[in-house]
Amino acid sequence: MTTSNSPTVEGPRGCRPVEYGETLDLLNWVFRAHQGHRPSMGGDYPHLYNLPNVSNLRILKVDGRIVSCVAIYQAQVRCNSAEITVGGIGGVGTDPDHRGKGYARLCLTDALSHMAAQNCDLSILWTGIDDFYRALGWERAGLWAHFQIDNSTNSLLPIIDPAKVSAAIDEQAIMDVDSLHTTSGQGLVRDLGLTELMLSRVGHHCYTLRDQLGGAASAYVVTNEGGTIKDYAGTPEGVLGLMKYAMTEHRWSHARIITPATADDTHKLLGDLRIPCRNDYLGMIHVLSPASLLSKTGLSDIAIKESGGEFTFTRHSESTVVSQLGLAKLLFGPERYSDFASDELPLDLYWSEWDHM
Ligand SMILES: CC(C)(COP(=O)(O)OP(=O)(O)OC[C@H]1O[C@@H](n2cnc3c(N)ncnc32)[C@H](O)[C@@H]1OP(=O)(O)O)[C@@H](O)C(=O)NCCC(=O)NCCS
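For the sequence shown, the residue numbers in numbering that gives the first Met the number 0 are 0 to 356.
Put into structure tokens, the structure is as follows:
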């Protein structure tokens, strides 16, 4: 009797609720235990790894065991004062014993089809292995800003009354963060439930500033343990005052705050103080539906035709042709490869680091 040595491959497909535990085990092995860290993926990214999101965990099985996974975090994100649907990608991992067989590529290709079927306008991810994702259509695009503060320059930040600062994550804090973030009109759209989930993220602190006892907060900041302000909203004086407070509280000699590149009031105040600023790409973006993106952001006067993997954009008498990778640059910049519709492009997109996976 002869036996076949070729493995039985199943998927990629959506994870089923009964497979959720095994998927989390694989992610903890690949991203934590295999690298000498404790298995913390669920608590580190509760917005991505939760049972209701199980069908967005795309898995591949070999001989009945889950060996490769890609996780999708579907979010509504503000873009040019409109809301677009974005598929954030995290947890791209293959069991070390099964690497180099094309399994991650298969899961990512399946994730692209799944996001398109869910009407995502684009996908975004963060990585150190750009070329792997570039080959599948993601390209570095968009922009954000990092401002660096140290023990000397923090003297420039506003002073706030420590008695008005709260570090409690209670019902009041959840409502304050939700309300201030919504009013800011930036980044991901969060409701109270998502805000509460985000505030449960391990390794983060949230400080709120309340000018009057019992009143609503005027600002909040969310920091990690390492001195990065990953999310904030409210008055710029309050935000930077809370940053100074957090630096003192944690005895950080350096801290940084990440802001949108298109100056909001906090960015402007840091600019007025001439704090050094570094710009970086917002992430790697794969544009899934350029027509829907333009329609949602009010740019319906731009027509798009796709042929042979190239996209021709036309508006009145001007036109330009771009590839799949060029789409991300044309629509989100930052580089100017074309003067096409430069009065309206690039679009304004932001995804705070707190919402990363
Ligand atoms: C990256 C990873 C998911 C690839 O999984 P895989 O199933 O082996 O991937 P595939 O077989 O589909 O593709 C292999 C390709 O991955 C790319 N790749 C893997 N690790 C890489 C690295 N550290 N740097 C650059 N490219 C890398 C290579 O292009 C490789 O192509 P090659 O086989 O021709 O050399 C896997 O190595 C892994 O789990 N790494 C640890 C977790 C991680 O870093 N995930 C990515 C986070 S953004």
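Ideal Cβ positions, reconstructed from N, Cα and C, are used throughout, including at glycine.
- Under the three-state reduction of DSSP, Met-197 is assigned to helix.
- For the 8 Å CB-CB criterion, Cys-78 and Pro-11 do not form a contact.
- Placement of the Cβ of Ile-148 at a distance of 7 Å or more from every heavy atom of ligand 1 is found.
- At least one heavy atom of ligand 1 lies closer than 7 Å to the C-beta of Lys-100.
- Going by beta carbons, Val-66 and Thr-93 fall inside the 8 Å limit.
- Taking non-hydrogen atoms of ligand 1 into account, the C-beta of Val-53 is found less than 7 Å away from none of them.
- Contact between Met-197 and Trp-353 holds, since their C-beta atoms are separated by about 7 Å, short of 8 Å.
- With fewer than 16 other Cβ atoms from the protein chains shown falling within 10 Å of its own Cβ, Ser-151 counts as exposed.
- The residue from Asp-177, Asp-210, Cys-276 and Lys-267 with its alpha-carbon nearest to that of Asp-230 is Asp-177.
- Around the beta carbon of Gln-211, fewer than 16 other beta carbons lie within 10 angstroms, which makes this residue exposed.
- For Glu-236, the secondary structure class from DSSP, reduced to helix, strand or coil, is helix.
- Contiguous alpha helix (DSSP H) elements confined to the stretch 75-133 occur at 102-116 and 129-133, taking only those with 4 or more residues.
- Here the distance from the Cβ of Ser-122 to the nearest heavy atom of ligand 1 is not below 7 Å.
- In terms of CA proximity to Thr-296, Ser-80 leads the group Gly-42, Ser-80, Thr-227 and Ile-158.
- With respect to the C-alpha of His-113, the residue from Pro-16, Asn-55 and Leu-330 having the closest C-alpha is Asn-55.
- Within its own chain, the residues whose Cβ lies closer than 8 Å to the Cβ of Lys-163, once the five positions on either side in sequence are excluded, are Leu-208, Arg-209 and Asp-210, listed in chain order.
- Scanning Ala-232, Val-29, Gln-185 and Gln-147 for the CA closest to the CA of Glu-82 turns up Gln-185.
- Around the CB of Ser-306, fewer than 16 other CB atoms lie within 10 Å, so the residue is classed as exposed.
- Within the DSSP bridge table, the entry for Asp-279 names Trp-143 as partners.
- Between Leu-344 and Trp-28, the alpha-carbon positions lie close to 42 Å from each other.
- Taking all protein chains shown into account, Thr-182 has fewer than 16 neighbouring C-beta atoms within 10 Å of its C-beta and is therefore exposed.
- Distances from the CA of Pro-235 to each of His-249, Glu-224, Arg-250 and Tyr-219 were compared; the closest alpha carbon is that of Tyr-219.
- By the beta-carbon neighbour count (other beta carbons within 10 angstroms, threshold 16), Tyr-336 is exposed.
- Taking non-hydrogen atoms of ligand 1 into account, the C-beta of Phe-30 is found less than 7 Å away from one of them.
- At a cut-off of 7 Å, the beta-carbon of Arg-104 counts as near ligand 1: some heavy atom of the ligand is closer than that.
- With at least 16 other beta carbons inside 10 angstroms of its own, Val-321 counts as buried.
- Closer than 7 Å to some heavy atom of ligand 1: that describes the Cβ of Phe-131.
- Ranked by Cα distance from Gly-226, the first of Gly-332, His-180 and Ile-256 is Ile-256.
- If you check the CB distance, Ile-58 and Cys-119 do not come in under 8 Å.
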